[in-house]
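What follows is a single structure, written as structure tokens, with notes after it.
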Ligand code: THG
């Protein structure tokens with residue numbers, strides 16, 4: 664399972680302030696902590712509502728890659744901010760994200776091709792997030808075929824069914840599980856998948872138990888990568904147990920200490 668840290672995100676007050684102040688120390692210590700906690704990659708997001716998006720993103724990428732060479736997952740809905748982030752990356756880069764909107768794909772796929780980036784594909788379009796699993800799979804298929812028209816093979820994509828807060832839409836949690844199953848049938852070998860796990864518990868109490876229970880359900884449905892709170896130790900243990908149960912890691916008595 665590819666573990667991506669959600670924490671280098673301007674949404675978090677301290678991170679937002681460090682970006683505003685262009686304070687490298689906090690960001691760099693924070694990035695190293697994520698890697699020490701088991702992050703294989705870092706999601707990099709300057710946060711919403713900035714007028715300095717591209718400059719802030721370029722600074723954030725440069726600041727982080729001064730201390731670590733793990734892949735960066737550039738997370739922005741804005742094409743200018745995305746481009747600034749991807750251009751600044753010296754190591755492996757994941758574009759987070761495109762949607763199924765034609766205009767968006769026509770901007771993102773050439774950028775990905777130019778920089779040899781992987782791409783997270785959100786199953787939504789101008790009409791929003793579909794209400795059912797089948798429409799999510801249909802949009803995933805559209806993104807896979809459009810990527811191929813840009814000479815990007817399906818193995819460069821991560822399909823994201825978009826996890827919704829359980830508090831806002833309780834019926835969506837199982838629809839996302841069903842979408843995860845449907846995604847496996849869209850290609851051979853099965854496409855890679857990713858979710859933003861913490862979305863599920865947004866605004867809920869007892870976030871940790873909700874997150875790790877859902878993680879187990881998603882791993883059972885074939886989830887391949889997740890943007891998570893790697894500082895949640897119980898969650899990281901659940902991921903290791905899931906890898907054990909999926910036979911991705913050889914069994915050993917003390918697997919949790921690995
Ligand atoms: N898919 C993809 N990318 C994503 C998401 C997704 N990126 C963003 C998000 N969803 C995943 N990252 C987070 C980061 C933080 C939180 C949830 C998901 C979160 N933050 C607290 C909150 O909003 O309550 C912040 C609290 C604080 O300030 O401490 O929950 O789905 N591809």
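In my numbering, the protein residues as written are 664 to 921.
Glycine residues also receive a C-beta, built at the ideal position from the N, C-alpha and C atoms.
Keep in mind the model is a prediction, meaning the values are calculated, not measured.
At least one heavy atom of ligand 1 falls within 7 Å of the beta-carbon of residue 859. Every alpha helix (DSSP H) of 4 residues or more that sits fully in the segment 806 to 894 is shown, in chain order, as 835 to 847, 870 to 883. Of all alpha-carbon atoms in 765, 776, 777, the one lying nearest the alpha-carbon of residue 785 is that of 765.
If you look at residue 758, you'll find it isn't in any alpha helix (DSSP H); it sits in the beta strand (DSSP E) that goes 756 to 761. CA-to-CA, the gap between residue 758 and residue 671 works out to about 15 Å. In terms of side-chain proximity, the C-beta atom of residue 890 is found nearer than 7 Å to a non-hydrogen atom of ligand 1. DSSP links residue 704 through a beta bridge to 667.
Per DSSP, residue 792 lies in no alpha helix (DSSP H) segment and is marked neither H nor E. For residue 684, the three-state secondary structure derived from DSSP is helix. Minimum Cα-Cα distance from residue 887 among the listed residues 707, 873, 860, 870 corresponds to 860. Non-local beta-carbon contacts of residue 744 in its own chain, meaning distances under 6 Å to residues more than five positions away in sequence, involve 716, 717, 720 in chain order. Residue range 896 to 908 is occupied by the alpha helix (DSSP H) that includes residue 898. Rounded to the nearest angstrom, the gap between the Cα atoms of residue 752 and residue 725 is 7 Å. When the beta-carbon positions are compared, residue 746 and residue 774 come within less than 8 Å of each other. Secondary structure note for residue 774: its alpha helix (DSSP H) is the uninterrupted segment 765 to 778. Residues of the same chain with a CB within less than 7 Å of the CB of residue 738, apart from the 5 flanking positions on each side, are 706, 707, 708, 759 in chain order. The C-beta distance from residue 835 to residue 885 rounds to 18 Å, too long to meet the 8 Å contact threshold. The C-beta of residue 890 has 16 or more other C-beta atoms within 10 Å across all chains shown, which makes the residue buried. Rounded to the nearest whole angstrom, the C-alpha separation of residue 807 and residue 732 is 29 Å. The C-beta of residue 711 has fewer than 16 other C-beta atoms within 10 Å across all chains shown, which makes the residue exposed.
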